[in-house]
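J.:
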Amino acid sequence: MFRVNKSELSMKDNEMKIEAKDVKVGMHVTRLDKPWLESPFMLQGFIINNEDELKVLVANCMYCYIDIHLSRTIIPTTKYRSDVTNRNVKIAPKKPLPKQTSFKLKRNYKELTEMTDELKNVRIPYKNLSNTVKEMMQSLKLNKKLDLVAIKTTLKPMVNSIIRNPDALLWLTRLRQLDEYNYSHALGCSIWAMSLGRQLGFNRNDIESLGLGGLLIDVGKTRISKKILTKKGMLTDEEFAAIKGHVQHGMDMINKESDINYKVRNMVESHHERVDGSGYPNALTNENSPLFGKIAAIVDCYDAITSDRCYAKPLSSQQAVKKLYEWRDKEFHSELVEEFIQAIGMFPAGTLVELSTGEVAVVISESRTRRLRPKVMILLNADKSEREDFIICNMLNETHSK
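In my numbering, the protein residues as written are 9 to 410.
So, in structure tokens, the structure goes:
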């Protein structure tokens, strides 16, 4: 979502207004003198890493706002002292949750079923989980108790499917069409997270934790006004603050449940943290951010930017993967980003592709060894006319489509 730039009277305590020509490499830009949509910058808040980025800023802005505490260079506070209101920014205390910050591959999973067979196996469980997620969100909006038993029960068949062959659920996730973004996003985050856990060789319990955490990371948004959540225009500072509050709302909800482990809690608490310390609510850096929180951050971002939201058009899978790769070591853990790309591939199941022959196909499964050679179902001829029969072509074995 996008924030409205207000006058300097509404600045946050740790912000300082500065002319663009005085910005230096290492400064953290939090706001511009124009809406983000009118700028070439993809991120709302970023570190100026080099002279090229600095030139882009100067070419597009007269002034901007710098975060004093997140910047990595000395701020000329004397010149701009009148714009600094209070540098003693209070940081929310960190929750005393155990934090697993490193990972190690433990096993190499093999596909136990064909994608088409697995798709038949998982369609009904997927629908059941979809319905459970809807019921969960609707119930929480009415301040009812979280039905953890129902969630875990419907999640288990999904874990089994991911372990057998993740392509079927990746397919369904790409094709999902739910009536509200929040339901769809919860399902997507759950499946992307479990797929990454499988790629990393996590055991079954950890994959299940990733799935549960993905379903719950945004439950706090059920406490946010629907008017704010569905606003198509830019958010005011107050509205953006309300959105950020969903993290604490989510923690308040799940802290009432004794049967949720710390890894799931880490996902809910840390999915908006960034490895460069620019995230919220605790501005955790790479060293302090928990592993499951780092995973949640990646899948939350990927699912969001590939989804059709009320305030933004979706990116293609390829565009989203490229963005994640560009953001590694800045926003997200570099190695985890690379593993995530390996897990879902450049062409995830369900992606529409145009072959070199001009034919249009849909990806039905990927090669685990050669990611640019998936198995596809050809839907349209080279002249874009619909085929009478849909043939399956394994690009791993072909130099051109049939």
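Backbone N, C-alpha and C define an ideal beta-carbon position, used for all residues, glycine too.
Just so it is clear, the structure is predicted and the values come from calculations on it, not from any experiment.
By the three-class DSSP mapping on this structure, what secondary structure does Phe398 have?
T.: Phe398 falls in the strand class under three-state DSSP.
J.: Below 8 Å, how does it come out for the region 173 to 181 and the region 199 to 208: are there three or more Cβ pairs, yes or no?
T.: Short answer: they touch.
J.: Rounded to the nearest angstrom, what separates Asn68 and Asp30 at their Cα positions?
T.: Roughly 14 Å between the two C-alpha positions.
J.: If you drop the 5 nearest sequence neighbours on each side, which residues of the same chain put their C-beta closer than 6 Å to that of Ser342?
T.: If we look at Ser342 and ignore the five residues flanking it on each side, its Cβ neighbours are Arg336.
J.: Taking the alpha carbon of Ile313 as the reference point, which residue from Ile303, Gln327, Glu295 has its own alpha carbon closest?
T.: With distances taken between Cα atoms, Ile313 lies closest to Gln327.
J.: Count the other C-beta atoms from every protein chain shown that fall within 10 angstroms of the C-beta of Glu394, then say buried if there are 16 or more, exposed otherwise.
T.: The residue is exposed, with fewer than 16 neighbouring Cβ atoms inside 10 Å.
J.: Pick helix, strand or coil for Met70, following the three-state DSSP scheme.
T.: If DSSP states are grouped into helix, strand and coil, Met70 belongs with coil.
J.: So, for Leu434: in the same chain, excluding its five sequence neighbours on each side, which residues have a beta-carbon less than 7 Å away from its beta-carbon?
T.: Nothing about residue 434 can be reported from this structure: the residues present for the chain run from 9 to 410 only.
J.: Assign Phe210 to buried or exposed, taking buried as 16 or more other Cβ atoms, counted over all protein chains shown, within 10 Å of its Cβ.
T.: Buried, since its Cβ has 16 or more Cβ neighbours within 10 Å.
J.: Compute the Euclidean distance between the alpha carbons of Glu277 and Glu362, then round it to the nearest angstrom.
T.: About 40 Å.
J.: With a threshold of 6 Å on Cβ separation, who are the neighbours of Asp397 within its own chain once the five nearest residues in sequence on each side are excluded?
T.: The answer is none, since no qualifying residue turns up.
J.: Taking only the alpha-carbon atoms, compute the straight-line gap between Ala158 and Asp245 and give it to the nearest angstrom.
T.: Whole-angstrom Cα-Cα distance: 37 Å.
J.: How about Arg206 and Tyr270: do their beta carbons lie closer than 8 Å?
T.: In this structure, Tyr270 does not lie closer than 8 Å to Arg206 by Cβ.
J.: Roughly how many angstroms lie between the CA atoms of Glu346 and Leu223, to the nearest whole one?
T.: Rounded to whole angstroms, Glu346 to Leu223 spans 23 Å at the Cα level.
J.: Starting from the C-beta of Thr230, find all residues in its chain whose C-beta is less than 7 Å away, skip the five residues before and the five after it, and write them out in chain order.
T.: Counting only Cβ-Cβ distances below 7 Å, and skipping sequence neighbours, we find Met145, Leu148, Lys149.
J.: Of the choices Cys309, Ile215, Ser266, whose alpha-carbon is the least far from that of Lys331?
T.: The shortest C-alpha separation from Lys331 is found at Cys309.
J.: Compare the C-beta of Lys32 against all C-beta atoms of chain D and say whether one is closer than 8 Å.
T.: In the structure shown, chain D cannot be found, because there is only a single protein chain.
J.: So, helix, strand or coil for Thr85, using DSSP?
T.: Confidence at Thr85 is low in this model, with a pLDDT of 47, below 50, so its placement is unreliable and no value can be given for it.
J.: Residues in the same chain with beta-carbon distance under 6 Å from Lys392, minus the five sequence neighbours each way, listed in chain order, please.
T.: Cβ neighbours of Lys392 beyond the five flanking positions: none.
J.: Classify His254 as helix, strand or coil using the three-state DSSP reduction.
T.: Three-state result, His254: helix.
J.: Where Gln256 and Asp41 are concerned, what is the direct C-alpha to C-alpha distance, given to the nearest angstrom?
T.: Cα-Cα distance, rounded: 30 Å.
J.: Determine the burial state of Ile170: buried for a count of at least 16 other Cβ atoms within 10 Å of its Cβ, exposed for fewer.
T.: Answer is buried; the Cβ neighbour count reaches 16.
J.: Note down, in chain order, each residue of its chain lying with its Cβ closer than 7 Å to the Cβ of Gly219, except the 5 sequence neighbours on either side.
T.: Only Leu163, Met166, Val167, Ser198, Ala201, Met202 meet the Cβ criterion.
J.: Identify, in the order they occur along the chain, each residue of the same chain with its Cβ nearer than 8 Å to the Cβ of Leu323, setting aside the five sequence neighbours on each side.
T.: Within the same chain, Leu323 has close Cβ partners Ile313, Thr314, Lys331.
J.: DSSP state of Val128, grouped into three classes?
T.: Checking the sequence, you will find Lys at residue 128 rather than Val. If DSSP states are grouped into helix, strand and coil, Lys128 belongs with the helices.
J.: Cys72 to Lys252, Cα distance in whole Å?
T.: Each residue's alpha carbon lies about 22 Å from the other.
J.: So, are the CB atoms of Ile262 and Ala250 less than 8 Å apart?
T.: Taking 8 Å as the Cβ cut-off, Ile262 and Ala250 do not qualify as a contacting pair.
J.: Would you mind sorting Ala304 into buried or exposed? The rule is 16 or more other CB atoms within 10 Å of its CB.
T.: By the 10 Å Cβ count, Ala304 comes out buried.
J.: Which first and last residues belong to the alpha helix (DSSP H) in which Arg212 is found?
T.: Arg212 -> alpha helix (DSSP H) spans 212 to 224.
J.: Leaving out five residues before and five after Glu119 in sequence, what residues of the same chain have Cβ atoms less than 6 Å from its Cβ?
T.: Excluding positions up to five away in sequence, the list reads Asn173.
J.: Tell me whether Glu247 sits in a helix, a strand or coil according to DSSP, three-state version.
T.: Three-state result, Glu247: helix.
J.: Helix, strand or coil for Met385 per DSSP?
T.: Strand.
J.: Going by DSSP in three states, Val370 sits in which element: helix, strand or coil?
T.: Reduced to three states, the DSSP call for Val370 is strand.
J.: Enumerate, from N- to C-terminal direction, the unbroken alpha helix (DSSP H) stretches of 4 or more residues contained entirely within the region 155 to 214.
T.: If we require 4 residues or more, the alpha helix (DSSP H) runs fully inside the region 155 to 214 come out as 156 to 172, 175 to 183, 189 to 207.
J.: I'd like to know whether the C-beta atoms of Val307 and Thr293 end up nearer to each other than 8 Å.
T.: Their beta carbons are not under 8 Å apart, which means Val307 does not touch Thr293 by this criterion.
J.: Assuming Ala390 and Thr365 make a contact with CB atoms under 8 Å, what is their CB distance in whole Å?
T.: The Cβ separation is near 6 Å, so the contact holds.
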